[in-house]
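So the protein sequences, as listed, match chains A and B.
At the far end of the first sequence sits residue 325, using the numbering used here, and the numbering has no gaps.
At the far end of the second sequence sits residue 325, using the numbering used here, and the numbering has no gaps.
All residues carry an ideal CB built from backbone N, CA and C; glycine is no exception.
Protein chains: 2
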Amino acid sequence: MGYLADGVLKKDIKAAAKLMRYIEEDDIKTTGELKLLYPHTGNSHVIGITGLPGSGKSSLIDVMIDYFKSSNKTVGVIAIDPTSPFTGGSILGDRIRMQKHSSDDDVFIKSLPNKGWRGGISKATSKMITVMDAMGKDIILVETAGVGQTEVEIKNLVHTTVVVLVGGFGDYIQIIKAGILEIADIFVINKADRDNAKELESDLKSMFSIDDSKSKVNDNGTWTPSIYLTEAINGKGVGKLTKGILDHKNCLKKTGKFNIYFKKKSKEDLKEIISDYITSLVFLRLESDSLFKKLVKDLTDSSSDPYTVAEKILSKILSFKK
Amino acid sequence: MGYLADGVLKKDIKAAAKLMRYIEEDDIKTTGELKLLYPHTGNSHVIGITGLPGSGKSSLIDVMIDYFKSSNKTVGVIAIDPTSPFTGGSILGDRIRMQKHSSDDDVFIKSLPNKGWRGGISKATSKMITVMDAMGKDIILVETAGVGQTEVEIKNLVHTTVVVLVGGFGDYIQIIKAGILEIADIFVINKADRDNAKELESDLKSMFSIDDSKSKVNDNGTWTPSIYLTEAINGKGVGKLTKGILDHKNCLKKTGKFNIYFKKKSKEDLKEIISDYITSLVFLRLESDSLFKKLVKDLTDSSSDPYTVAEKILSKILSFKK
Chain A
4 MGYLADGVLK KDIKAAAKLM RYIEEDDIKT TGELKLLYPH TGNSHVIGIT GLPGSGKSSL
64 IDVMIDYFKS SNKTVGVIAI DPTSPFTGGS ILGDRIRMQK HSSDDDVFIK SLPNKGWRGG
124 ISKATSKMIT VMDAMGKDII LVETAGVGQT EVEIKNLVHT TVVVLVGGFG DYIQIIKAGI
184 LEIADIFVIN KADRDNAKEL ESDLKSMFSI DDSKSKVNDN GTWTPSIYLT EAINGKGVGK
244 LTKGILDHKN CLKKTGKFNI YFKKKSKEDL KEIISDYITS LVFLRLESDS LFKKLVKDLT
304 DSSSDPYTVA EKILSKILSF KK
Chain B
4 MGYLADGVLK KDIKAAAKLM RYIEEDDIKT TGELKLLYPH TGNSHVIGIT GLPGSGKSSL
64 IDVMIDYFKS SNKTVGVIAI DPTSPFTGGS ILGDRIRMQK HSSDDDVFIK SLPNKGWRGG
124 ISKATSKMIT VMDAMGKDII LVETAGVGQT EVEIKNLVHT TVVVLVGGFG DYIQIIKAGI
184 LEIADIFVIN KADRDNAKEL ESDLKSMFSI DDSKSKVNDN GTWTPSIYLT EAINGKGVGK
244 LTKGILDHKN CLKKTGKFNI YFKKKSKEDL KEIISDYITS LVFLRLESDS LFKKLVKDLT
304 DSSSDPYTVA EKILSKILSF KK
């Protein structure tokens with residue numbers, strides 16, 4: 004135990020990749036490794052990038068990586084990509100541009116399906132953030148595609164949430180309904196050369212009372228979302244966007260929220276670890292203990308119900324020390 | 004304890020609505036009630052209806068309800084609707100047509116946001132299915148809007164999955180990527196009067212090797228997805244669709260899969276109950292026990308890590324009887 008953690012701390016990409024695969028598989032082996040990594044975390048700026056497919060998130064991240072690197076920041080990317088739960092593989096190979104960074108020591112990219120993760124997306128993402136943080140990445144970008152509960156859950160795992168939109172692009176009712184706009188610290192209107200970009204900008208301004216003449220940071224330290232127009236395909240506007248992201252980080256630092264994020268994350272992680280551990284112990288016994296096997300058989304024979312069986316099992320295995 | 008379960012078994016809509024609200028809130032009170040209901044379940048045919056917003060699912064369900072009722076079936080609907088996690092309310096009131104059934108004793112409709120459910124969507128949906136099943140609903144329709152992990156998870160909670168599509172409607176790459184097509188037992192091409200409906204039909208046929216001249220049930224009892232063209236708005240094709248859904252049920256009955264579903268559900272429910280119970284006990288102690296409070300404080304003071312704290316807590320509270 005610990006050889007993967009050792010590797011991660013030495014910035015060994017192979018060790019990190021292996022550990023992340025175990026995390027993806029919800030393998031019990033990860034616990035010991037993550038424990039060793041935890042004391043080395045809490046330094047990364049974690050940024051969520053979300054928006055509809057086709058909004059150009061991957062291209063945008065590609066250019067953002069260049070900007071962060073030019074200011075000597077190391078970058079990790081966790082890309083949660085919708086794929087078929089049945090084929091297990093990504094259907095579209097639309098990460099070609101981002102791949103140019105994949106042979107680059109300063110940029111670590113982990114691409115993942117957003118379906119069928121054992122134990123849930125946000126749990127695995129939280130652990131992967133721990134790995135990249137311990138690896139010493141200054142910036143961790145978490146990319147989610149689509150519109151759904153995942154995107155809103157990811158909000159709780161990042162410091163800064165960037166929502167990428169495109170003017171005149173499809174049905175915004177869908178993303179309004181999904182509550183994606185409300186989670187934004189920063190809006191990006193990508194493909195800003197399109198006719199409808201300005202229209203979308205003024206819609207957002209009135210929807211979120213955004214006033215360019217005022218400071219983004221209010222007197223009480225709260226943050227008003229800001230809007231950046233970009234053309235990721237040729238890099239236009241992305242420099243300003245990365246500066247805006249840094250502004251948000253500074254606002255979090257000043258108000259102490261940057262560290263509060265990490266404390267909240269540790270507490271959530273604690274709860275996950277405890278309930279995972281107990282649950283897996285119990286389930287192991289369910290499969291091996293002859294009494295429990297009989298109880299589960301009663302259940303599937305329909306001669307009992309899961310609540311009664313649960314009570315019997317709980318009374319057998321659990322005793323709380325006084 | 005038990006007065007809500009009593010009410011549900013007497014088909015009292017108010018009692019059922021109250022119990023479902025507790026389920027939504029992940030209230031511990033539900034355990035005792037659900038335990039009493041469980042022996043009365045296992046009879047409903049549970050049908051998932053999924054597809055992109057705008058595909059006309061609600062209108063379709065509305066007409067399906069009429070068909071089921073005309074054959075003397077009672078119907079329950081669980082509608083999982085995207086809403087803002089921050090406002091808590093549904094933005095669009097697009098359930099007006101379905102509302103006509105809401106004063107109808109034979110149709111019970113529970114409409115829900117798909118965000119911010121304490122404890123997760125699939126857990127709550129599973130419990131709501133138990134309530135409607137115990138209420139004696141012949142048919143339970145579970146409607147999910149959108150494309151995401153939810154839709155794929157819901158697949159495990161239903162007997163029959165109906166995927167609603169519309170020809171020439173937006174970007175199908177999104178739903179292909181999300182793996183929605185693979186979960187279909189039945190495809191509906193709604194708004195079939197549109198030009199692109201036939202095109203979509205032939206795409207699906209070639210994608211899933213669907214041959215109208217062959218039986219939907221193969222020699223080994225497996226099911227080939229079938230396609231129905233509907234115009235929900237005027238009811239066209241919906242009769243055939245409901246017959247097709249019944250064909251699928253009969254196929255499941257013949258192969259014994261209909262009951263296997265229920266056994267799998269009880270086993271999954273058992274696991275949820277056990278891990279919920281233990282987890283809530285532990286978390287209760289985390290908040291009240293002075294030793295645990297100190298450990299959590301160490302954690303947020305960054306003088307420890309969640310893995311070490313979890314070990315200490317687990318060694319204190321847990322002992323497995325031999």
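Under the assumption that residue i contacts residue j (Cβ atoms under 8 Å), give the Cβ distance between them as a whole number of angstroms.
i	j	result
B:Thr133	B:Gly51	About 16 Å separates the two Cβ atoms, so there is no contact after all.
A:Thr77	A:Asp141	5 Å
B:Val49	B:Ala137	The Cβ separation is near 13 Å, so there is no contact.
A:Val299	B:Lys270	7 Å
A:Leu144	A:Ile64	6 Å
A:Glu278	B:Ser278	The question names Glu, but residue 278 of chain A is Ser in the sequence shown. At roughly 6 Å, the Cβ-Cβ gap stays under 8 Å, so A:Ser278 and B:Ser278 are in contact.
A:Ile281	B:Ile281	5 Å
B:Lys326	B:Gly139	Outside the shown range of chain B, which is 4 to 325, sits residue 326 of chain B, and nothing can be said about it.
B:Ser283	B:Ile31	7 Å
A:Tyr310	B:Ile213	A:Tyr310 to B:Ile213, Cβ: 42 Å. No contact.
A:Asp188	A:Trp226	6 Å
Since residue i sits in a beta bridge, which residues does DSSP pair it with?
i	result
A:Val169	A:Asn193
B:Tyr231	B:Val191
B:Leu111	The amino acid at residue 111 of chain B is misidentified as Leu; the sequence shows Phe. BP columns for B:Phe111 point to B:Gly79.
A:Lys239	A:Glu234
A:Ile143	A:Val49 and A:Gly79
A:Thr163	A:Ile50
State yes or no: is the C-beta of residue i within less than 7 Å of the C-beta of residue j?
i	j	result
A:Val169	A:Lys60	no
B:Gly171	B:Asn199	yes
B:Ser62	B:Ile183	no
B:Tyr231	B:Lys243	yes
A:Glu28	A:Leu7	no
B:Val110	B:Gly238	no
B:Pro228	B:Phe261	no
A:Val312	B:Leu273	yes
A:Glu156	A:Ser114	no
A:Thr34	A:Tyr25	no
A:Lys158	A:Ile186	yes
A:Gly57	A:Met135	no
B:Tyr41	A:Asp308	yes
B:Thr53	B:Thr147	yes
B:Cys254	B:Val285	no
A:Gly224	A:Thr258	yes
A:Gly5	A:Phe265	no
A:Met131	A:Ile81	yes
B:Leu289	B:Phe295	yes
* Taking a Cβ distance cut-off of 8 Å, strictly less, list which residues of the stretch 305-318 of chain A are near chain B, in chain order. => Ser305, Asp308, Pro309, Tyr310, Thr311, Val312, Ala313, Ile316 and Leu317
* What alpha helix (DSSP H) runs, 4 residues minimum, are completely inside the stretch 50-80 of chain A? -> 60-73
* Near-chain B residues of the stretch 34-65 of chain A (beta-carbon distance less than 9 Å), N- to C-terminal order -> Thr34, Gly35, Leu37, Lys38, Leu39, Leu40, Tyr41, Pro42, Thr44, Gly45, Leu55, Pro56 and Gly57
* If you scan the stretch 197-225 of chain A from start to end, which runs of the beta strand (DSSP E) of 3 or more residues do you find wholly inside it? -> none
* Going along the stretch 274-292 of chain B in order, which residues come within less than 7 Å of chain A, judged by CB to CB distance? -> Lys274, Ile276, Ile277, Ser278, Tyr280, Ile281, Thr282, Val285 and Phe286
* Quick one, which residues of the stretch 248-272 of chain B are near chain A if we go by CB-CB under 7 Å, in chain order? -> Lys266, Ser269, Lys270 and Asp272
* To do: Jot down the residue ranges of each uninterrupted alpha helix (DSSP H) in the stretch 253-308 of chain B, minimum 4 residues, whole runs only, in chain order.
  => 260-291 and 293-303
* the stretch 294-305 of chain A: positions lying closer than 8 Å to chain B by Cβ -> Val299, Leu302, Thr303 and Ser305
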